[in-house]
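Visitor: When we follow my numbering, the leftmost residue of the sequence shown carries the number 8, and every step to the right adds one. Submitted below is the structure of interest, expressed as structure tokens.
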Amino acid sequence: MDFIDLKTQQSKIREKIDKRIKSVLDHGKYIMGPEVFELEEKLSEYVDMKYCISCSSGTDALLIPLMAYGIGPGDAVITTPFTYIATAEVISLLGAEPVFVDIYESTYNLNPDGIEDAIQDAESKGLNAKAIIPVDLFGLPARYRLINEVAKKYDLMIIEDAAQGFGGEIREEKSGSFGDVACTSFFPAKPLGCYGDGGAIFTNDEELFHKMRSIRIHGSGSDKYENIRIGINGRIDTIQAAILLEKLSIFNDELILRNKIANYYSNKITSNFNKPFIPKDYLSSWAQYSLLANSELERNEIISILSNANIPSMIYYKLPLHLQTVFKKLGYGNGDFPISEKTSRQIFSIPMHPYLDNEKQNRIIEVLNKY
Ligand SMILES: Cc1ncc(COP(=O)(O)O)c(C=O)c1O
Numbered sequence: 008m009d010f011i012d013l014k015t016q017q018s019k020i021r022e023k024i025d026k027r028i029k030s031v032l033d034h035g036k037y038i039m040g041p042e043v044f045e046l047e048e049k050l051s052e053y054v055d056m057k058y059c060i061s062c063s064s065g066t067d068a069l070l071i072p073l074m075a076y077g078i079g080p081g082d083a084v085i086t087t088p089f090t091y092i093a094t095a096e097v098i099s100l101l102g103a104e105p106v107f108v109d110i111y112e113s114t115y116n117l118n119p120d121g122i123e124d125a126i127q128d129a130e131s132k133g134l135n136a137k138a139i140i141p142v143d144l145f146g147l148p149a150r151y152r153l154i155n156e157v158a159k160k161y162d163l164m165i166i167e168d169a170a171q172g173f174g175g176e177i178r179e180e181k182s183g184s185f186g187d188v189a190c191t192s193f194f195p196a197k198p199l200g201c202y203g204d205g206g207a208i209f210t211n212d213e214e215l216f217h218k219m220r221s222i223r224i225h226g227s228g229s230d231k232y233e234n235i236r237i238g239i240n241g242r243i244d245t246i247q248a249a250i251l252l253e254k255l256s257i258f259n260d261e262l263i264l265r266n267k268i269a270n271y272y273s274n275k276i277t278s279n280f281n282k283p284f285i286p287k288d289y290l291s292s293w294a295q296y297s298l299l300a301n302s303e304l305e306r307n308e309i310i311s312i313l314s315n316a317n318i319p320s321m322i323y324y325k326l327p328l329h330l331q332t333v334f335k336k337l338g339y340g341n342g343d344f345p346i347s348e349k350t351s352r353q354i355f356s357i358p359m360h361p362y363l364d365n366e367k368q369n370r371i372i373e374v375l376n377k378y
């Protein structure tokens, strides 16, 4: 059994993908070929945002808007410690400081109640809070209505990290549309993944769009040999864009399948693990289906039992970011973000992908319920 099965999906669309790749090989525009622009148009239509900039990864999709906002030394960016390193790494990379806010116990997403304290934390360190990066963890959008209220009050930009959230919704509005700017990742294991690295940025702000498009290609001006600002090599490959076009065409069907499996899990798992909480009017794209054990010991035991039954599981995330070696210099310690720390000790994720058949789902449920 695979934790995420990309082979079955590939076998369903292999012929179409082969055709798409052949077409790129035939026209030979490997960099910024027509598929890149076709993809950007389809993605912005899907998310219902005016502008989409495809790029080289979810990490660069976060980096580019921070660069466009001029975030740098002396600035603080507020985010969650319960996320993948990339969310906070890009802040430090620009010389700014991540300031963390703990998560909700129910959804594992950033709790907006902590934002005002984080702004004060930043001020006490002599920093200026400029932006918030909420993360749509495991596919579930963060609490944007409340985050927006605080952001407005303190004039903070919102950069939505929808790396795991593409396909998620709040009141039928798509992930990728909740911030001033939003970022997603097409890493192969993501809900919409390519066969390498890739990402995309969404915004309705025309000026920001032009700046970010320039930063994506070395700060280019009217052509690529006129350079008007510092940028990066942040393009997506044409072949990856071609692959994504085929994957996007079956993405909605896959979202339905993921949600069916998640509902089945949630209805049938009767053991004492905490199951995912989806708030009313929210839709998850189920990048992960995660359960919370009652203790670290229990979590490690169930992982070992699953493994003995040949059922793969993963831990996202073993160590919250404020306790990572790389962020020691930020001065945080054990006990600073108790919910993130507790969740790190007790959480585990079970197989989740659109092609997980009923027999496999039942096997997983049976092992969990026996515990
Ligand atoms: C929450 C989050 N942000 C950012 C990223 C970075 O995306 P990428 O791996 O495409 O650079 C990831 C990828 O795992 C992620 O999960």
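All residues carry an ideal CB built from backbone N, CA and C; glycine is no exception.
#1: Where L69 and I208 are concerned, what is the direct C-alpha to C-alpha distance, given to the nearest angstrom?
#2: At a threshold of 8 Å, does K231 count as lining ligand 1 (C-beta to nearest heavy atom)?
#3: Closest to N259 by CA distance: which of S18, K26, D25 and L50 is it?
#4: I'd like the span of the alpha helix (DSSP H) that includes K367, first residue to last.
#5: Assuming I252 and E42 are in contact, meaning their beta carbons sit under 8 Å apart, how far apart are those beta carbons, in whole angstroms?
#6: Among residues of its own chain, excluding the 5 on either side of C62, which ones have a beta-carbon nearer than 8 Å to its beta-carbon?
#7: Which runs of the alpha helix (DSSP H) spanning at least 4 residues fall entirely within the region 204–273, listed in chain order?
#8: Please tell me whether, using a cut-off of 8 Å, the distance from the CB of S292 to the nearest non-hydrogen atom of ligand 1 is below it.
#9: List the endpoints of the continuous alpha helix (DSSP H) containing L298.
#10: I'd like the list of long-range same chain contacts for K282, defined as Cβ closer than 7 Å, with 5 residues on each side in sequence excluded.
#11: Pull up the distance between the alpha-carbon of E373 and that of D364, whole angstroms please.
#12: Does the pairing of the region 131–148 with the region 70–89 give three or more beta-carbon distances under 8 Å?
#13: In whole angstroms, what separates the C-alpha of D128 from that of K23?
#14: For a test of the three-state rule: what should DSSP assign to F185, helix, strand or coil?
#15: Work out the CA separation of L163 and M56 for me, nearest whole Å.
#16: With a Cβ-Cβ cutoff of 9 Å, do Y58 and F216 count as a contact?
#17: For R289, which option in N135, F355, E179 and S278 has the closest C-alpha, if you only look at C-alpha atoms?
#18: Determine whether the beta carbon atoms of F10 and M321 lie at a separation below 9 Å.
#19: So, under 8 Å CB-CB, I371 and P358 are touching, yes? Tell me the CB distance rounded to an integer number of Å.
#20: Measuring only the C-alpha atoms, how far is F344 from K160?
#21: Would you mind working out which of M74, Q17 and D12 sits nearest I250, comparing C-alpha positions?
#22: Consider the C-beta atom of V142 and the heavy atoms of ligand 1; say whether any pair is separated by less than 8 Å.
#23: Beta-carbon within less than 7 Å of P3's beta-carbon, same chain only, minus the 5 sequence neighbours each way: which residues are those?
Guide: With the given structure in hand:
#1: Those two C-alpha atoms are separated by around 8 Å.
#2: No, ligand 1 has no heavy atom inside 8 Å of this Cβ.
#3: Checking every option, the nearest Cα to that of N259 belongs to L50.
#4: If you look at K367, you'll find it in the alpha helix (DSSP H) that goes N365 to K377.
#5: The question names Ile, but residue 252 in the sequence shown is Leu. Their Cβ separation, rounded to whole angstroms, is 6 Å, which keeps L252 and E42 in contact under 8 Å.
#6: Counting only residues of its own chain and dropping the five nearest sequence neighbours on each side, C62 has a CB closer than 8 Å to the CB of A68, I71, G205, G206, A207, I208, R223, G241, R242 and I243.
#7: For the region 204–273, whole alpha helix (DSSP H) runs of length 4 or above, ordered along the chain, are 213–223 and 245–256.
#8: The nearest non-hydrogen atom of ligand 1 is 8 Å or more from the C-beta of S292.
#9: Note, L298: premise wrong, no alpha helix (DSSP H); beta strand (DSSP E) at Y296 to L299.
#10: Correct list, in chain order: S273, I276 and L298.
#11: Answer to the nearest angstrom: the Cα atoms are 14 Å apart.
#12: Yes, the region 131–148 touches the region 70–89.
#13: Computed Cα separation, rounded: 52 Å.
#14: Here F185 sits in coil by DSSP.
#15: Distance between the alpha carbons of M56 and L163 is about 20 Å.
#16: Taking 9 Å as the Cβ cut-off, Y58 and F216 qualify as a contacting pair.
#17: With the sequence shown as reference, residue 289 is identified as Tyr, and Arg is not the correct amino acid for it. The option with the nearest alpha carbon to Y289 is E179.
#18: At a Cβ-Cβ threshold of 9 Å, F10 and M321 count as neighbours.
#19: At roughly 6 Å, the Cβ-Cβ gap stays under 8 Å, so I371 and P358 are in contact.
#20: When rounded, the distance between both Cα atoms is 24 Å.
#21: When only C-alpha atoms are compared, the closest one is Q17.
#22: V142 Cβ: within cutoff of ligand 1.
#23: Lying before the first or after the last residue shown, residue 3 is absent from the chain, which here runs from 8 to 378.
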